[in-house]
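What follows is a single structure, written as C-alpha cells, with notes after it.
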Amino acid sequence: MYKNLVLIIGSPNVGKSTLFNRLTRSHDAIVSNLEGTTINIKYGSVTWNKNKFQIADSGGISFLSKKNINKSINQHTFSIIKNCKLILLVLDIDMGFRYIDLSIIDKIKKNFNKKNILIVINKFDNNIKIDNLNNFYINQINHNDIFAVSAINGYGTGELLDRICTEINSDNHPNNYDDSKMPIFSLIGKPNVGKSSFLNTLMKYEYSVIDNDPGTTRDTIDITCNLFGYNFKLLDTAGIRKKSKVKKGNIEYYSNIRSINSISRSDVVILMIDSIMGITHQDIKIIKIAIENGKGILIASNKWDLIENENKNTANYIKSIRKHIMFYYYIPILCCSVTNKKNIIKIINIVHDIYMRKNKKIQTSDINKFLLPIITNNPPQSTNNKIVKIKYITQIHNKSVIFAIFGRNTNYIAKSYIKFLEKNIRNKYDFNGIPIKIITKDK
Ligand code: GDP
Ligand code: GDP
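To convert, count from 1 in the sequence shown and add 1; that's this note's numbering.
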C-alpha cells in the first residue's frame, strides 16, 4: 500500500511550520483538530521533480507525549504515525541535541516498528553556525540521516527533498499496490450541495488518483486516496468531476442507477446536504437505501459558513435535522464548509471511524454476558400465545452488522422488543453510523 505521508515533528519554535510552508510553498494548508486531543495537524502537498507526496505538520512534540504513546493512544494519532511513510524530526541548530530528542527517536523506533526518521537541523542560515552543527553528529544517529537546512532562506531543502523522494519511492511502485482490501466510501448528494468542491479540495492534498477506464462509459470513477494518514477509495458518483454529464436539477437524480450502484459498492456513504436547504425527501430516500443495504453513513451538512453568518447554533440545527430522521438516530451529522475548509479532515476521520466500527466483531461470550441478564429482567413479549424463549445471541460474520437471536418461537418476538435489544447493543458497543440488523432463528 502507498504510505507517502511525511510527518514533521519537533519542539515548539524549532521552525516546523516555516519548513512546512517552504516545502509546500504555500500557506494554504488544511488544519485538523484531532478528535480527543488538542493536536492541530496541518496538511499540504509537495511536488518535487515529478514526485508528489503529502506532508503534515504535527504542530508540537506533545504529539508524542508519554500519555499518547504509552497510555490510551488516540486512534487518529496512532493512525497518522503508523501510516506515515517518513518522519522529519526538526531540531534547532542553536539548541543542540537534547535528551528529549533522543528519547523521541527511541520511542518512535520502539513503538512504530523502526519507522524511518530524518533529522532536520534547522536555522542553519550561514556557515557561522557550522560549529554548532558538529554537535549533532553523535553515535546514536546515522549520519546519512542528518540534514542541515534553513527553512527561512531555503538552504539545504533541495537535498532534503531529494532524500524524501528516495524514501517515498523506495517500495511504492504502483505494481505493489494492493487496493483489494481498501475501504470504499461514496459521496452522494443532490446537485449543487458542494460535492465537486469537496472532491477538488481533497484532490489538492491527495497523492494518487487512479481513474478506472478513463474515457469509457463507466459510470463511476474510483479515486484512490492516501490522505491524512488513511488509504481509501472514493467513488466519484455520476462523474462529479465531469460536470457536463450531470443533469442538474433533475429530480430523478437520486433514483439514478449510478448513486444506487455506488452505495452498493461502498462501505460507508457520505451523504452531503446543503445547510441552507436542510434535509429533503430525496436525501431521506438515500439514507433508507444505504441503511437497507447495511452501509455505514455520515451526513455532512455543507455550506455551514452561510448559516454561521446568521449566528445560528449548530446543536439546534442538528436537532432540527434529526426530527426528520428519527428512526436513524444513530447517524452522525457534521456541519462543514468546503469553502472555509471547516471539518473537511474530520469528515474523513469520522468516515474512517465508521468503517472501523462496521468491521468490528463482538465476541459471542461478551454479548451474552451483557445481554442475557437484560433479557431475563425484561422477558420478550410474544405476538401470539406461544411462549417465546431467547437462548443466546451472536454476531454473524457478514459485511454488514447482523446479530442472530437463537431460541424458541423467536418468530413471535415483538418488533418493539427487537428495537429494545438494538438500543441496548448500541448503548454498550459503539455502532454510531452503522445500521444493525437483528434476525431470529429457532434452535
Ligand atoms: P514551530 O513552532 O516549530 O512551527 O516554529 P515556527 O516555524 O513558527 O518558527 C519559530 C521561529 O523560528 C520563527 O520566528 C521563525 O521565523 C524562526 N525560524 C524558522 N525557521 C528559521 C530558519 O531557518 N532560520 C532562522 N534564523 N529562523 C527560523
Ligand atoms: P455539486 O453539484 O454537489 O458537485 O456542487 P458544487 O461543488 O458544484 O458546488 C455548487 C456551488 O456551491 C458552487 O458555486 C460552489 O462554489 C458552492 N459551494 C460549495 N461548497 C460550499 C461551501 O462550503 N460554502 C459555500 N458558501 N458555497 C459552497
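By construction, the Cβ of each residue, glycine as well, lies at the ideal position given by its N, Cα and C atoms.
The structure presented is a predicted model; accordingly, all values stated were derived computationally and were not measured.
What does the alpha-carbon distance come out to for the pair residue i and residue j?
| i | j | result |
| --- | --- | --- |
| arginine 26 | asparagine 127 | 22 Å |
| isoleucine 280 | cysteine 337 | 15 Å |
| alanine 415 | isoleucine 290 | 24 Å |
| proline 436 | lysine 361 | 13 Å |
| threonine 411 | histidine 398 | 21 Å |
| isoleucine 105 | arginine 427 | 39 Å |
| asparagine 143 | alanine 57 | 24 Å |
| glycine 190 | isoleucine 292 | 16 Å |
| leucine 8 | leucine 200 | 23 Å |
| isoleucine 447 | proline 380 | Any property of residue 447 remains undetermined from this structure, which presents the chain solely from 2 to 444. |
| lysine 442 | asparagine 385 | 17 Å |
| serine 18 | arginine 164 | 20 Å |
| aspartate 132 | serine 151 | 16 Å |
| serine 366 | leucine 372 | 10 Å |
| methionine 96 | isoleucine 326 | 57 Å |
| leucine 162 | tryptophan 49 | 7 Å |
| asparagine 84 | glutamine 55 | 12 Å |
| arginine 91 | threonine 340 | Just to set this straight, residue 91 is valine in the shown sequence, not arginine. When rounded, the distance between both Cα atoms is 32 Å. |
| glycine 157 | lysine 86 | 21 Å |
| serine 383 | cysteine 226 | 50 Å |
| lysine 324 | proline 333 | 14 Å |
| lysine 387 | phenylalanine 407 | 16 Å |
| lysine 110 | asparagine 314 | 45 Å |
| lysine 116 | leucine 89 | 11 Å |
| phenylalanine 113 | valine 402 | 31 Å |
| phenylalanine 404 | aspartate 102 | 49 Å |
| isoleucine 368 | arginine 409 | 19 Å |
| arginine 23 | asparagine 52 | 16 Å |
List the residues that DSSP assigns as beta-bridge partners of residue i.
| i | result |
| --- | --- |
| isoleucine 94 | Paired residue(s): none; isoleucine 94 is not in a bridge. |
| arginine 409 | Lys390 |
| valine 270 | Ser187 and Ile298 |
| cysteine 336 | Ser302 |
| phenylalanine 404 | Gln396 and Ile439 |
| alanine 57 | Leu8 and Tyr44 |
| asparagine 227 | Asn232 |
| lysine 343 | Ser338 |
| cysteine 85 | Leu6 |
| valine 15 | DSSP, once it has assigned bridges, lists no residue as partnering valine 15. |
| alanine 1 | Past the boundaries of the shown model lies residue 1; the chain is included only from 2 to 444, so the question cannot be answered. |
Assign residue i to one of two classes, buried (16 or more other C-beta atoms within 10 Å of its C-beta) or exposed (fewer than that).
| i | result |
| --- | --- |
| lysine 400 | exposed |
| glutamine 288 | The identity of residue 288 in the sequence shown is isoleucine, whereas the question assumes glutamine. The residue is buried, with at least 16 neighbouring Cβ atoms inside 10 Å. |
| aspartate 284 | buried |
| alanine 316 | exposed |
| glycine 155 | exposed |
| tyrosine 330 | exposed |
| alanine 235 | Per the sequence shown, the amino acid found at residue 235 is leucine instead of alanine. Leucine 235 is buried by the Cβ-count criterion. |
| tyrosine 231 | buried |
| arginine 99 | exposed |
| histidine 353 | buried |
| isoleucine 419 | buried |
| phenylalanine 197 | Before going further, note that residue 197 is serine rather than phenylalanine in the sequence given. When all chains shown are included, serine 197 counts as buried. |
| glycine 195 | buried |
| lysine 243 | Confidence in lysine 243 is poor, its pLDDT being 46 and thus under 50, which makes the residue's placement too unreliable to answer from. |
| glutamine 396 | buried |
| isoleucine 94 | buried |
| isoleucine 375 | exposed |
| valine 247 | Only weak support is given to the placement of valine 247: the predicted model assigns it a pLDDT of 44, under 50, and the value that follows is read from those uncertain coordinates. Result: buried. |
| isoleucine 355 | buried |
| aspartate 223 | buried |
Ligand 1 heavy atoms versus the CB of residue i: any closer than 7 Å?
| i | result |
| --- | --- |
| alanine 152 | yes |
| valine 15 | yes |
| aspartate 102 | no |
| asparagine 455 | A query on residue 455 cannot be resolved here, the shown segment of the chain reaching from 2 to 444 and no further. |
| serine 18 | yes |
| glycine 11 | yes |
| aspartate 126 | yes |
Return yes when at least one heavy atom of ligand 2 lies under 7 Å from the C-beta of residue i, else no.
| i | result |
| --- | --- |
| glycine 195 | yes |
| aspartate 306 | yes |
| valine 269 | no |
| threonine 1 | What the structure shows of the chain is the stretch from 2 to 444, and residue 1 is not part of that stretch, so it cannot be assessed. |
| lysine 187 | The amino acid occupying residue 187 in the given sequence is serine; lysine does not appear at that position. Not so, every heavy atom of ligand 2 lies at least 7 Å from the Cβ. |
| threonine 340 | yes |
| serine 198 | yes |
| asparagine 22 | no |
| asparagine 303 | yes |
Looking at residue i and ligand 4, is the gap between the Cβ and the nearest heavy atom below 7 Å?
| i | result |
| --- | --- |
| proline 192 | This structure simply doesn't include ligand 4; it includes ligand 1 and ligand 2 instead. |
Evaluate contact between the stretch 346–353 and the stretch 411–428, counting only Cβ atoms and requiring at least three cross-stretch pairs below 8 Å.
Verdict: no, contact absent.
Between the stretch 265–276 and the stretch 294–304, do three or more beta carbon pairs fall short of 8 Å?
yes
Contact the stretch 127–144 vs the stretch 179–195: 3+ CB pairs below 8 Å
no
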